[in-house]
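Only one structure is covered here, and it is reproduced in the block below.
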Amino acid sequence: MAEREDPVLFLHNVARHYWQGDATLDILKGAELAIWPGQSVALVAPSGAGKSTLLHIAGLLEHPDSGEVYIHGMPTAALGDDARTRLRRTQIGFVYQAHHLLPEFSAIENVMMPQMIRGLPKQQAARRAAELLDYLGLRERLSHRPAELSGGEQQRVAIARAVANAPRILLADEPTGNLDPHTSDHVFDALSQLVRSAKLTMLIVTHNMEIAARMDRRVTIRDGMVAELD
3 MAEREDPVLF
13 LHNVARHYWQ
23 GDATLDILKG
33 AELAIWPGQS
43 VALVAPSGAG
53 KSTLLHIAGL
63 LEHPDSGEVY
73 IHGMPTAALG
83 DDARTRLRRT
93 QIGFVYQAHH
103 LLPEFSAIEN
113 VMMPQMIRGL
123 PKQQAARRAA
133 ELLDYLGLRE
143 RLSHRPAELS
153 GGEQQRVAIA
163 RAVANAPRIL
173 LADEPTGNLD
183 PHTSDHVFDA
193 LSQLVRSAKL
203 TMLIVTHNME
213 IAARMDRRVT
223 IRDGMVAELD
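Counting in this note's numbering, the sequence shown runs from 3 upward without gaps.
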């Protein structure tokens with residue numbers, strides 16, 4: 003039997019605390035989570051349980067107080083800000099509940115932006131951005147600014163932007179939370195197709211149990227620890 007691949011993302015013994023006056027809030031207490039190549043995982047937990055904290059730590063946006071985050075087997079806790087930024091830029095894509103598109107730029111320009119920041123020539127960035135937006139059903143919307151797009155279209159542009167640099171990991175925080183049920187299903191279908199076609203590893207925070215049921219695994223946070231759900 004072939005050996006199992008290493009996790010793409012591995013949170014090991016991660017702890018995170020916050021302070022309110024003299025009180026300490028223990029949000030994560032030695033949390034463990036491993037996600038393998040091509041796997042999609044839903045993180046479902048009540049508000050205040052630490053979902054966004056765990057997602058931010060996984061995406062190297064926040065430092066754990068202790069423990070380690072491995073990206074493709076590489077420990078990241080000791081990395082400086084520049085190295086963490088480079089890893090995020092090349093290996094991790096983010097999709098949020100709010101699309102955070104730049105209002106003064108068109109759909110294609112919003113998707114070109116992270117590629118050009120990475121150093122890709124403008125023509126190549128434009129070609130990839132157009133391909134991604136076409137794949138997501140936005141061929142006729144390339145030149146439209148965010149204000150000219152529907153909520154679902156804006157979120158699909160945000161998804162295209164998140165995967166523009168061909169990351170290996172996609173982190174999504176309630177990506178359909180601001181959308182009506184019909185639009186939510188449409189956007190999630192587009193996201194799922196893109197994740198499968200690119201063989202991405204995805205961790206998605208969601209309250210939507212229908213969406214969670216479509217993931218390979220479901221996990222929650224109980225008393226600061228990650229636990230598998232049936």
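Heads up, the beta-carbon is just placed ideally off N, CA and C, and yes, glycines get one too.
Note that the structure is predicted; figures quoted are calculated from it, not measured.
ask   = DSSP state of H101, grouped into three classes?
value = Translated into the one-based positions of the sequence shown, residue 101 becomes position 99. Residue state, collapsed to three classes: coil.
inquiry  = Just verifying my parser: in three-state terms, what is the DSSP assignment at K53?
reply    = Taking the first residue of the sequence shown as position 1, residue 53 is located at position 51. It is helical.
task = Give every residue of the same chain whose Cβ lies closer than 6 Å to the Cβ of A127, excluding the five residues on either side of it in the sequence, and list them in chain order.
result = Working through the sequence shown from its first residue, we reach residue 127 at position 125. Beyond the five residues adjoining it in sequence on each side, A127 comes within less than 6 Å, by CB distance, of M114, Q117, M118 in the same chain, given in chain order.
request  = Classify E212 as buried or exposed, calling it buried when 16 or more other Cβ atoms lie within 10 Å of its own Cβ.
outcome  = Here residue 212 refers to the residue found at position 210 of the sequence shown. By the neighbour-count rule (16 or more Cβ atoms within 10 Å), E212 is not buried but exposed.
query = Three-state secondary structure (DSSP) at P148?
reply = In the sequence shown, counting from the first residue as 1, residue 148 sits at position 146. Helix at P148.
task = Given a cut-off of 9 Å, decide if L30 and L56 are closer than it, judged by their beta-carbon atoms.
result = Counting from one through the sequence shown, the residue named residue 56 turns up at place 54. Counting from one through the sequence shown, the residue named residue 30 turns up at place 28. Yes. Within cutoff.
task = Using beta-carbon positions only, say whether A168 and P105 come within less than 9 Å of one another.
result = Residue numbering aside, residue 168 sits at position 166 when the sequence shown is read from its first letter. Residue numbering aside, residue 105 sits at position 103 when the sequence shown is read from its first letter. Not in contact: A168 and P105 (Cβ atoms no closer than 9 Å).
Nearest to W38 (by Cα), restricted to the options A85, L205, Q195 = Here residue 38 refers to the residue found at position 36 of the sequence shown. If we check each option's Cα against that of W38, L205 comes out closest.
query = Given that a residue counts as buried once 16 or more other Cβ atoms are within 10 Å of its Cβ, and exposed if not, what is Q156?
reply = Here residue 156 refers to the residue found at position 154 of the sequence shown. Q156 is buried by the Cβ-count criterion.
query = Just how far apart, CA to CA, sit A215 and Q41?
reply = The sequence position of residue 215 within the sequence shown is 213, counting from 1. The sequence position of residue 41 within the sequence shown is 39, counting from 1. Each residue's CA atom was taken as its position, placing A215 and Q41 some 14 Å apart.
query = Smallest Cα separation from A164: which of S186, P177, L231, F96?
reply = Translated into positions along the sequence shown, residue 164 becomes position 162. The shortest C-alpha separation from A164 is found at F96.
request  = Work out the CA separation of L27 and P9 for me, nearest whole Å.
outcome  = Taking the sequence shown and counting its residues from 1, the one referred to as residue 9 is at position 7. Taking the sequence shown and counting its residues from 1, the one referred to as residue 27 is at position 25. When rounded, the distance between both Cα atoms is 29 Å.
ask   = Are I1 and A51 close, meaning C-beta to C-beta below 9 Å?
value = The displayed coordinates of the chain run from 3 to 232. Any statement about residue 1 would go beyond what the structure contains.
message = Along the chain, where does the alpha helix (DSSP H) containing K31 start, and where does it finish?
response = Walking along the sequence shown from the start, residue 31 turns up at place 29. Per DSSP, K31 belongs to no alpha helix (DSSP H); it is in the beta strand (DSSP E), 25 to 37.
query = So, do the stretch 138 to 154 and the stretch 177 to 197 have three or more beta carbon pairs nearer to each other than 8 Å?
reply = yes
Bridge-paired residues (DSSP) for A44 = Along the sequence shown, one-based indexing puts residue 44 at 42. The partner list for A44 (beta bridge, DSSP) reads I206, R220.
inquiry  = 9 Å is my cut-off, CB to CB: does E111 come that close to chain C?
reply    = The chain inventory of the structure shown lacks chain C, comprising one protein chain alone.
Where the beta strand (DSSP E) through H14 begins and ends = Looking up residue 14 in the sequence shown gives position 12. Unbroken beta strand (DSSP E) run through H14: 11 to 22.
task = Use the C-beta contact count for A4: other C-beta atoms within 10 angstroms, 16 or more gives buried, fewer gives exposed.
result = Stepping through the sequence shown from its first residue, residue 4 is reached at position 2. Any reading at A4 is ruled out, since the residue's pLDDT is 40, under 50, leaving its predicted position unreliable.
query = By how many angstroms is the C-alpha of A36 removed from the C-alpha of R170?
reply = Indexing the sequence shown from 1 puts residue 170 at position 168. Indexing the sequence shown from 1 puts residue 36 at position 34. Each residue's alpha carbon lies about 14 Å from the other.
message = Here's a check: name, in chain order, each residue in its chain whose Cβ is nearer than 6 Å to the Cβ of F299, leaving out the five neighbours to either side.
response = The question about residue 299 has no answer here: the residues shown for the chain are numbered 3 through 232.
query = In three-state terms, what does DSSP make of S194?
reply = Along the sequence shown, read from residue 1 onward, the residue named residue 194 stands at position 192. In the structure shown, S194 sits in a helix (DSSP, three-state: H, G or I).
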